[in-house]
Structure formats: C-alpha cells, structure tokens
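Let me begin by presenting the structure, written as structure tokens, before commenting on it.
Residue numbers (this note's numbering), protein chains in the order written: chain A, 1 to 369; chain B, 370 to 581.
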C-alpha cells in the first residue's frame, strides 16, 4: 500500500505542517487587502508569502526557493535516498515562473520542466521530473500519479511538491474573469462573492509499505472531465460526481470523517460541488473548505489541503469553514464555520478546475478497521 | 500488430532567416497537403472540419491540438460511439501554454494601455486543450496535462501506463503537443487502448519511431 513518509507546508501561516495546522485550528487567516502590491492597479485580497522567510540560498526564483525549502524540510523527517534514480519528483504547478515573462527576454526556467529539473537537481536527483499542470486540480492529480508510479513499481519513493507564486499575470487574469472577491472569501455562503488568491508550497513524500499500521495511506483517486465548458463548472457537477463515484468503489461512506471540498467561494464552483456531493450520496458527510485561511493556492492547493485534512483527522477534528455563515448552495451539504469533532479515520479530498477537470481522492489513517 | 493504430504528426517551424516556414502533416503515415505554413491550422480546419466555430476563439496550442484530434478521430472512424468515462485525454509537452502566456502578458505590459484580456487568460493553462477535446467528443474520462523538460518517449510511455491503472479507462487520446507560436509547433498525437498494459517498452519504441 501507498503510505505517507513525510510532509511540509510553507505558507504565510507557518513553515511547517504543524505550525500551519495550529494556526488554522485557531481560526487564523493569511488573507488581507493588498494595495499597489506587485504592480497590480486594483487592490486585491490575497494571502502572500514574504520571501524573507525563505532560507534557501543560491540562484533560484521565489517559486523554486519555496519548492526547495519545502522538500528539504520534509526530507529531514524521513530516510529517503532523494538522489537515487528510484526517487521520482512530481511537481504540481499551474504557472511556475510565469512572472519572468514581465522581465522580457528569454528565461529558460519559464519552461516548467526546466524549473522542475532545477529543483530536482538541487537534491542531486537526475531522474526526469514530471510536472502535472492540470489547472487547479494539479495537486491532487500529482498525488494520484505518485500513487500509480509506486503501485506499478516505477519508483520506490515519490516526492510531490505543489507551489504557485502570485504575480500581476495571475491576479489581473482572475480579476478580468470577475472571479475575485473584494473581501475575504466566504465558501458555500449566501453572500459569497468569489475567490482570493494565495501563495504556498506543500510537499508530501510517498513510499510503499506492507501494512499501513499507524501511517497515512493514500487509498485511491480518480480524475474525470465535465465535457461541458473550459472555464465554468458543469451545472450537474458531472465530472466531480463521476470522480467521487469512482473513489467510493474503494471507500466506505460511513468511514469518511469529512470531504475537504475545493470550496473556492465562486458562485458556480460551490454550487456545483454541492450538487456533486449530493448526487454521490454524501449529503450527510461533513464538508469543509480551507480557502478562507489561505485563499486559492493553485498548484499547492491539492497537496496543502490534503495535509491539513490529515492533521485534522489525527486531531479528531473537522476544521470549520472560515467565512461561512449561512448556506448558499442548492443542496444542503453539511458545512459549519465552527470546528467539529470526529472519530472517523478517513477523508475525501475533492477538487475541480478550468478545462472541466475534477479529481477526488481518499486517504485513510492506518489499515482497514 | 502495433500498439499505436492511428497517429497524426504535425510540424511547423519558421526559420530564423525569415524564409518560408517548413511544415509537415501526416496522418497514419500518409502525407496531407496544405496550402502553406502561415495559415496551416486554419486551412486544415476549413478544408477538413469546418463545423466548430469555437475553433476561432482558441489559442494557438488549442488550435493545433484540436485540429489534430479531429483528423485523428476521423481516421479512427468511431465518432458515433458514446465513450463516456472509458476514454481519457492525457497530453504532454515542454512549453506548457507559453505561446498564449506571451499573448496575455502583452495585454498587461503597458500601464497606459492596461487591458487584461479574459479571453486570452482562460487559455493560459495547457490542460484547457484536454478540456476542449473532451467537450467536442463528450469524453468524461480522465484528462491530464504533463509537462516534461524535453520530448521523452520513456516518460510518456510511463505516464500512459499510469493512466491505465484507472479501471474505467479503455482508451486514451494522447501524445506530444508543443506550441511556441502560431508558426512554430510540433505535435505527435495517437490513440492507444488498454492493451498497452505490460507492453510499455514496445510502446516507447513505437513512439520513438513515429517521432522521427
């Protein structure tokens, strides 16, 4: 089975997974209003990472430093031969070093694969890295790819690192789509006005084990398309529902502590997810979104939200959805703003993105009960 | 019997001397004639597709991948079938959505002419192409986009094999689709089914042969 060996989160709320979990559990948010930042003319709410908290030195961009520091911190917790060609790097990012475009000229590490190779090479790893660039669902897709590579014996260890750095490119793009909230986002709420963007890096290292024992196990995952629209979710939640249905073939709904939803707080995303969850028969399962703490961290989101969900289950907690007050979606999913308690040992990570893609994955602590 | 039964190769490159761009279009090894390189994709669309005006909204990467997928699926000749979740689209390249990224960047470059374009921005993700193909053909299976440091047959064969661990997947529209500008691109798309499972080395060699 596929087990988690080590992990890390670097965000404005902390530089370890533990610091991040404690902050989130206490209700802290990294979202605030930024005026005149990064050359974006219109003020915007976002969670931005101060580069000065990064200790990595050398000729690296902010994106690369975030990835390297996150992987380094995770590696210190485990005994993985990172330089071996049996260790596979899987990078999850949507835009990598896109801010270099504004500088003009030709930067080789504008190419995601070249940047990924630079990150892997920092750890003396010479194996060709994979970059999963599947919009907002990249972080869950990257973990699914890691699970598959390990199951098939294509590698002994998989280092999955998700990250994105905000730039005028991304911020103005989301503003032009009218997807950005003028205030801290409010997932699943009646008054939700859109998403906030965020910066983070998150790493998870997976390996194989005979028995899960006290480890976190990645049980299964699936990716499905809506076949409906390139920038809007399906009104029937088709792809998200199909991904959930596939995952439920290997997971018992009564074992699920909660669904960690995408919950971006856009009108259409949250509505769509409520429909997909309802169609999958999970209407009574607690649902939460972490976007009120971090905003949408894009390539990092799928990894970061998986790791915090693991901490929450370990702590017998369903993290409350910050910004939520009154349910504003058509299917009555079980969202609360307050933390709840749980004694269940598994959860589902659900996520959707542009290009009509959707992913769901199930994780469980320890073996089958 | 080869694992890759239908494939399409499209290449176009503008030489740095400003001369006539060189191009090549072959479908299942047969050469397809086109009017010229500068309008290659639009010419192919008009001559062989023509019923999908959304083509004109697409960025260069999506135009390339869409035209190629249409010709490939016509060659396969199973367009009436409902594939549902049984067919996925998993594509690879090195440039991600760089051609459209540059076009979007132009719209925010000048503070005095600052008009960020939402219609360009939506294409600044490479996987939007997998979405375009899924929408056109009603494919509900897995879609994914993997960026590699360079064209790499072994990494592609591994990626394809990994997708077939999904038990609902029967066939995959897959391959390399790299686009640097309207007149500089390189594509090798093909269809494979679950018989590639256990035959990854063969698959890798077939991809190598077709890429030459």
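Each residue gets a CB set at the ideal place from its N, CA and C atoms; glycine is no exception.
Note that the structure is a prediction, hence the values are computed from the model and not measured.
Under 8 Å from any heavy atom of the ligand FMN, does the C-beta of residue 172/A make it? In terms of ligand content, the structure shown is empty, and the ligand FMN therefore cannot be addressed.
Where does the unbroken beta strand (DSSP E) through residue 380/B begin, and where does it stop? As a working mapping, residue 380/B is identified with position 11 in the second chain. Taken as a continuous stretch (DSSP letters only), the beta strand (DSSP E) holding residue 380/B covers 375-382.
Hey, is residue 571/B's beta-carbon within less than 9 Å of any beta-carbon in chain A? Within the second chain, residue 571/B is the residue found at index 202, counting from 1. Not closer than 9 Å to any Cβ of chain A, the Cβ of residue 571/B fails to qualify, so no.
Please report whether the beta-carbon of residue 464/B lies at a distance below 9 Å from any beta-carbon of chain A. Translated into positions along the second chain, residue 464/B becomes position 95. Yes - at least one Cβ of chain A is within 9 Å of the one on residue 464/B.
Between residue 145/A and chain B, is any beta-carbon pair separated by less than 9 Å? Taking the first residue of the first chain as position 1, residue 145/A is located at position 145. Interface residue, yes.
Given this structure, state the Cα-to-Cα distance separating residue 269/A from residue 544/B, to the nearest angstrom. Taking the first chain and counting its residues from 1, the one referred to as residue 269/A is at position 269. Taking the second chain and counting its residues from 1, the one referred to as residue 544/B is at position 175. Approximately 30 Å, taken between the alpha carbons.
Cβ-based burial, residue 338/A [other Cβ within 10 Å; buried from 16]: If you number the first chain from 1, residue 338/A lands on position 338. Its Cβ having fewer than 16 others within 10 Å, residue 338/A is exposed.
On the three-state DSSP scale, how would you describe residue 518/B? Residue 518/B sits at position 149 when you count from the first residue of the second chain. It is coil, neither helix nor strand.
Between residue 298/A and residue 265/A, what straight-line distance do the alpha-carbon atoms span, to the nearest angstrom? Indexing the first chain from 1 puts residue 298/A at position 298. Indexing the first chain from 1 puts residue 265/A at position 265. If you take the alpha carbons of residue 298/A and residue 265/A, they lie about 14 Å apart.
If we ignore side chains and look at the alpha-carbon of each, how far apart do residue 277/A and residue 41/A end up? As a first step, residue 277/A must be located in the first chain, where it is residue number 277. As a first step, residue 41/A must be located in the first chain, where it is residue number 41. Straight-line Cα distance between these residues: approximately 38 Å.
Runs of alpha helix (DSSP H) wholly within the segment 38-84 of chain A (minimum 4 residues, chain order): 62-75
Is residue 433/B helix, strand or coil when you go by DSSP? As a working note, residue 433/B is residue 64 in the second chain. DSSP places residue 433/B in helix when its eight states are reduced to three.
Once DSSP output is grouped into helix, strand and coil, what is the label at residue 399/B? In the second chain, residue 399/B corresponds to position 30, counting from 1. Strand.
Could you check what DSSP says for residue 331/A in three-state terms: helix, strand or coil? By 1-based counting over the first chain, the position of residue 331/A is 331. Reduced to three states, the DSSP call for residue 331/A is coil.
Whole angstroms is fine: what's the gap from residue 59/A's alpha carbon to residue 96/A's? Along the first chain, one-based indexing puts residue 59/A at 59. Along the first chain, one-based indexing puts residue 96/A at 96. Spanning the two alpha carbons is a distance of roughly 16 Å.
Chain A partners of residue 503/B, CB-CB under 7 Å? Counted from its first residue, the second chain places residue 503/B at position 134. Within chain A, the residues near residue 503/B are 225, 227 and 356.
Separation of residue 138/A from residue 219/A, as counted between CA atoms: Here residue 219/A is taken as the residue at index 219 of the first chain, counted from 1. Here residue 138/A is taken as the residue at index 138 of the first chain, counted from 1. Computed Cα separation, rounded: 18 Å.
Which residues in chain B have a C-beta closer than 9 Å to the C-beta of residue 130/A? List them in chain order. Numbered from its first residue, the first chain carries residue 130/A at position 130. What residue 130/A touches in chain B: 515, 516, 517, 524, 527 and 528.
Taking Cβ positions only, does residue 478/B come closer than 9 Å to chain A? Walking along the second chain from the start, residue 478/B turns up at place 109. Output row for residue 478/B: interface = yes.
If contacts are defined as beta-carbon pairs under 8 Å, then residue 460/B and residue 498/B qualify, I think. What distance do you get, rounded to the angstrom? As a first step, residue 460/B must be located in the second chain, where it is residue number 91. As a first step, residue 498/B must be located in the second chain, where it is residue number 129. About 6 Å; that satisfies the 8 Å criterion.
If you draw a straight line from the C-alpha of residue 200/A to the C-alpha of residue 10/A, how long is it? Within the first chain, residue 200/A is the residue found at index 200, counting from 1. Within the first chain, residue 10/A is the residue found at index 10, counting from 1. Going from the Cα of residue 200/A to the Cα of residue 10/A covers about 6 Å.
Taking Cβ positions only, does residue 487/B come closer than 9 Å to chain A? Residue mapping note: residue 487/B aligns to position 118 of the second chain, counting from 1. Taking Cβ atoms only, chain A reaches closer than 9 Å to residue 487/B, which makes this a yes.
For a test of the three-state rule: what should DSSP assign to residue 8/A, helix, strand or coil? Taking the first chain and counting its residues from 1, the one referred to as residue 8/A is at position 8. Strand, per DSSP.
Within this structure, are the beta carbons of residue 495/B and residue 176/A separated by less than 9 Å? Numbered from 1 along the second chain, position 126 holds the residue referred to as residue 495/B. Numbered from 1 along the first chain, position 176 holds the residue referred to as residue 176/A. Not in contact: residue 495/B and residue 176/A (Cβ atoms no closer than 9 Å).
Could you give the C-beta distance for residue 466/B and residue 539/B, rounded to a whole number, given that I count them as a contact under 8 Å? The residue given as residue 466/B occupies position 97 in the second chain. The residue given as residue 539/B occupies position 170 in the second chain. Wrong, their Cβ atoms sit about 29 Å apart, outside the cutoff.
Terminal residues of the alpha helix (DSSP H) in which residue 544/B lies: Position 175 of the second chain, counted from the first residue, corresponds to residue 544/B. Counting along the chain, residue 544/B falls outside any alpha helix (DSSP H), though it belongs to the beta strand (DSSP E) covering 540-550.
Chain-ordered neighbours of residue 114/A on chain B, where CB pairs are closer than 7 Å: Walking along the first chain from the start, residue 114/A turns up at place 114. Near residue 114/A (Cβ distances below 7 Å), the residues of chain B are 518.
Assigned secondary structure, residue 253/A (DSSP; H/G/I helix, E/B strand, else coil): Taking the first chain and counting its residues from 1, one reaches residue 253/A at position 253. Helix at residue 253/A.
Just checking: is the beta-carbon of residue 500/B within a distance shorter than 9 Å of some beta-carbon in chain A? One-based indexing of the second chain puts residue 500/B at position 131. With 9 Å as the cut-off, residue 500/B counts as an interface residue toward chain A.
Residue 169/A classed as buried or exposed, judged by whether at least 16 other C-beta atoms fall within 10 angstroms: As a first step, residue 169/A is located in the first chain; it is residue number 169 there, counting from the start. It is buried - the Cβ of residue 169/A has at least 16 other Cβ atoms within 10 Å.
Which residues, in chain order, does the segment 144-174 of chain A contribute to contact with chain B at a C-beta distance below 7 Å? 145, 148, 149, 151, 152, 154, 168, 169, 172 and 173
Neighbouring residues, chain A, relative to residue 451/B (Cβ below 8 Å): Your numbering for residue 451/B matches position 82 in the second chain. Going along chain A, no residue has its Cβ under 8 Å from residue 451/B, so there is no contact; the nearest lies around 11 Å.
Ordered list of alpha helix (DSSP H) runs contained in the segment 203-251 of chain A, each at least 4 residues: 238-248
Locate the beta strand (DSSP E) running through residue 162/A, then write down its first and last residues. For this step, residue 162/A is matched to residue 162 along the first chain. Unbroken beta strand (DSSP E) run through residue 162/A: 157-164.
Kindly identify the DSSP beta-bridge partner or partners of residue 573/B. Locating residue 573/B in the second chain gives position 204, counting from the first residue. Per DSSP, none; premise fails for residue 573/B.
Can you tell me whether residue 429/B is buried or exposed? The criterion is at least 16 other CB atoms within 10 Å of its CB, across all chains shown. Taking the first residue of the second chain as 1, we reach residue 429/B at position 60. Buried.
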